[in-house]
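*Asks:* Pasting in a structure now, in structure tokens, and then I'll have a few things to ask.
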Amino acid sequence: MKVNRYEKAAAGAVALMLVAFAAIFFYAPTDWLQGAVQRIFYLHVSSAIAAYGCFTVVLLGGLVFLRNESYAADRWARAGALVGVIFTTVTLVMGSLWAKKVWGQFWVWDARLTSTLVLWIIYAGYLLVRRLAEPGRQAARIGALVGIFGFVDVPVVHFSVTWWVTQHPGPVIVNDALPPEMLATFLFTMFCTIVFAAVLVVIRYRIETLRDAKQVLVEPAKVVSARQPEPVP
Amino acid sequence: MSYLVIAYAFAVALLGGFLIWSLRTLRDLDRR
Numbered sequence: 001m002k003v004n005r006y007e008k009a010a011a012g013a014v015a016l017m018l019v020a021f022a023a024i025f026f027y028a029p030t031d032w033l034q035g036a037v038q039r040i041f042y043l044h045v046s047s048a049i050a051a052y053g054c055f056t057v058v059l060l061g062g063l064v065f066l067r068n069e070s071y072a073a074d075r076w077a078r079a080g081a082l083v084g085v086i087f088t089t090v091t092l093v094m095g096s097l098w099a100k101k102v103w104g105q106f107w108v109w110d111a112r113l114t115s116t117l118v119l120w121i122i123y124a125g126y127l128l129v130r131r132l133a134e135p136g137r138q139a140a141r142i143g144a145l146v147g148i149f150g151f152v153d154v155p156v157v158h159f160s161v162t163w164w165v166t167q168h169p170g171p172v173i174v175n176d177a178l179p180p181e182m183l184a185t186f187l188f189t190m191f192c193t194i195v196f197a198a199v200l201v202v203i204r205y206r207i208e209t210l211r212d213a214k215q216v217l218v219e220p221a222k223v224v225s226a227r228q229p230e231p232v233p
Numbered sequence: 001m002s003y004l005v006i007a008y009a010f011a012v013a014l015l016g017g018f019l020i021w022s023l024r025t026l027r028d029l030d031r032r
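Protein chains in written order, with the working numbering: chain A, 1 to 233; chain B, 1 to 32.
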């Protein structure tokens, strides 16, 4: 069986993630206050940042589509939305498990958690629209608008901890709140997670390209068969 | 400790499963 370049890239991304996990569990020191559960932080925050990146791809894809009607840009947007929703799911679930341990409950309706849930709903809605709508120009235009207006929630999520009083902790990186080993582990995990997300987006883009190509091949055949004249008796 | 294990097990299952599913879909589309 021949290994294609997407599978090679995926293997490289998985290898990087395994090194990141080794750093999280064997290099990073245990937090003196929270204990081992604080290690959730590394992938929880990295996944959120990877999701921001994916939703930026959706934003740019939408803007380029509306400007140039580039279907390649639309495919990048579709790929970014799906991968972004996956990473937002990881962020939400890992965060809820961490919250249960340190706050005693899985969920609180504070600004950070609520805006992140809204972000997930917006892009899940985007995927639903793209799945239900007949593929073509109209669906791509609606998708572009949802992707562009949905992106407004990304800065809301990011700055929610500084704009409002939240139970979720504020920024720890910019406030120099991490010891050097934790900071190094976090930066390395973030790098590996972004590479992993980028590889996933590229793979999904290739899938969307092949699906669109098949759509073009199938659609004219449908039209031809529909327009075939009825046999003359 | 158990919350930490569940959190990472979930992340690995979701991200790994999504990667494998995507690669299989790609292979199927390439083959057709």
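Even for Gly, the Cβ is constructed at its ideal location relative to N, Cα and C. It should be emphasised that the depicted structure is a prediction, and the values quoted were computed from it without experimental measurement.
(1) Measuring straight from C-alpha to C-alpha, what distance separates Met190/A and Ala50/A?
(2) Which residues in chain B have a C-beta closer than 7 angstroms to the C-beta of Glu7/A? List them in chain order.
(3) Any beta carbon of chain B sitting closer than 8 angstroms to that of Thr114/A?
(4) In chain order, what residues of the same chain have a beta carbon less than 6 angstroms from the beta carbon of Val157/A, not counting five sequence neighbours either side?
(5) Taking the alpha-carbon of Val85/A as reference, which of Tyr52/A, Leu97/A and Asn68/A has the nearest alpha-carbon?
(6) Identify every run of the alpha helix (DSSP H) within the stretch 77-150 of chain A, keeping only runs that are complete inside it and at least 4 residues long; order them along the chain.
(7) Thinking just about the alpha-carbon of each residue, which of Arg32/B, Arg31/B and Ser22/B is nearest to the one in Ile207/A?
(8) In three-state terms, what does DSSP make of Gly35/A?
(9) Sorted by chain position, which residues of the same chain lie with C-beta nearer than 7 angstroms to Thr30/A's C-beta, five sequence neighbours on each side aside?
(10) Let me know if Phe149/A comes out buried or exposed under the rule of 16 or more other beta-carbons within 10 Å of its beta-carbon.
(11) Helix, strand or coil for His158/A? Go by DSSP, reduced to three states.
(12) Check the C-beta distance from Ala144/A over to Ala77/A and give it rounded, since I have them as a contact under 8 angstroms.
(13) Please classify Lys101/A: is it buried, with 16 or more other beta-carbons within 10 angstroms of its beta-carbon, or exposed?
(14) Given this structure, state the Cα-to-Cα distance separating Gly147/A from Phe55/A, to the nearest angstrom.
(15) Taking the C-alpha atoms as reference points, what is the distance between Phe188/A and Val216/A?
*Replies:* Put simply:
(1) The residue given as residue 190/A occupies position 190 in the first sequence. The residue given as residue 50/A occupies position 50 in the first sequence. C-alpha separation (whole angstroms): 8 angstroms.
(2) Mapped onto the first sequence, residue 7/A falls at position 7. From the beta-carbon of Glu7/A, the residues of chain B found nearer than 7 angstroms are Leu23.
(3) Counting from 1 along the first sequence, the entry for residue 114/A is found at position 114. It does not; no Cβ of chain B falls within 8 angstroms.
(4) The residue given as residue 157/A occupies position 157 in the first sequence. Non-local beta-carbon contacts of Val157/A in its own chain, meaning distances under 6 angstroms to residues more than five positions away in sequence, involve Ser115, Thr116 and Leu119 in chain order.
(5) In the first sequence, counting from the first residue as 1, residue 85/A sits at position 85. Ranking Tyr52/A, Leu97/A and Asn68/A by Cα distance to Val85/A puts Tyr52/A first.
(6) Counting only runs of 4 or more, we get 111-132 and 137-150.
(7) As a working mapping, residue 207/A is identified with position 207 in the first sequence. Of the listed residues, the one whose Cα sits closest to Ile207/A is Ser22/B.
(8) Here residue 35/A is taken as the residue at index 35 of the first sequence, counted from 1. Here Gly35/A sits in strand by DSSP.
(9) Within the first sequence, numbered from 1, the residue matching residue 30/A stands at position 30. The residues are Ala36.
(10) Taking the first residue of the first sequence as 1, we reach residue 149/A at position 149. Using a 10 angstroms sphere on the CB of Phe149/A, the tally of other CB atoms stays under 16, which defines it as exposed.
(11) Translated into the one-based positions of the first sequence, residue 158/A becomes position 158. For His158/A, the three-state secondary structure derived from DSSP is helix.
(12) On the first sequence, position 144 is the one that residue 144/A refers to. On the first sequence, position 77 is the one that residue 77/A refers to. Between Ala144/A and Ala77/A, the beta carbon gap of about 7 angstroms places them in contact (Cβ cut-off 8 angstroms).
(13) Taking the first sequence and counting its residues from 1, the one referred to as residue 101/A is at position 101. The residue in question, Lys101/A, is buried, as its Cβ has 16 or more Cβ neighbours within 10 Å.
(14) One-based indexing of the first sequence puts residue 147/A at position 147. One-based indexing of the first sequence puts residue 55/A at position 55. Near 8 angstroms, if we compare the C-alpha coordinates of Phe55/A and Gly147/A.
(15) In the first sequence, counting from the first residue as 1, residue 188/A sits at position 188. In the first sequence, counting from the first residue as 1, residue 216/A sits at position 216. In this model, Phe188/A and Val216/A are separated by some 42 angstroms (Cα to Cα).
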